[in-house]
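I have placed the structure first, in the form of structure tokens, so that the comments after it can refer back to it.
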Amino acid sequence: AVMSGLAPFDGDRPPPPAYPLVGGSGAMSSEPQQQQQKPIEDVLDDEDKLEDETVAERILALAEMFPKPVRSAASGLVSGSFQLTLWSFRQASNLAWVATTTGLIALLPLIIERERVGVEEAELENERKMMLGPASASAAGQPAFAHA
Numbered sequence: 001a002v003m004s005g006l007a008p009f010d011g012d013r014p015p016p017p018a019y020p021l022v023g024g025s026g027a028m029s030s031e032p033q034q035q036q037q038k039p040i041e042d043v044l045d046d047e048d049k050l051e052d053e054t055v056a057e058r059i060l061a062l063a064e065m066f067p068k069p070v071r072s073a074a075s076g077l078v079s080g081s082f083q084l085t086l087w088s089f090r091q092a093s094n095l096a097w098v099a100t101t102t103g104l105i106a107l108l109p110l111i112i113e114r115e116r117v118g119v120e121e122a123e124l125e126n127e128r129k130m131m132l133g134p135a136s137a138s139a140a141g142q143p144a145f146a147h148a
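Every letter in the sequence shown is one number past the one before it in full-length UniProt numbering, and letter 130, counting from 1, is 130.
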């Protein structure tokens, strides 16, 4: 019996992989390389033939990747966040309405009254100037005659 240098297969371990012979006809060593390597044109053509997935298709494919409890928790989190955002917007708009109407009701009469008092004071000042004549204008530090 000729010994090949390999231990006999005893069933406890798998047999060693078969390697192509070196120095032979070369048929065995070149075939696997030709089958694995494709010309670059073929590879590019294969990529062009693939259909582009839409975002919805990708998300649907991801849904199969995660278990149902994880998907339910994520859905609840997104839905809750959306509801919280809507609630916050409604509350902010209500607060803005209350602040605006309160400001108008409380401050508008005050502003109107201050304006009315200012107009009355201006009218009294004009009456005083007219009654006292040009001398009162010069006494107040203004020229008696306006230069035109």
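All C-beta atoms, glycine included, are put in the ideal place defined by N, C-alpha and C.
Ser79 and Glu53 have their C-alpha atoms some 26 Å from each other. Within the same chain, and ignoring the five residues on either side of Ile40 in sequence, no residue has its Cβ closer than 8 Å to its Cβ. C-alpha of Arg58 to C-alpha of Ser93: approximately 38 Å in a straight line. In the three-state scheme derived from DSSP, where H, G and I count as helix and E and B as strand, Phe66 is classed as coil. In this structure, Arg71 and Ala63 form a Cβ contact; the two beta carbons are roughly 6 Å apart against a cut-off of 8 Å.
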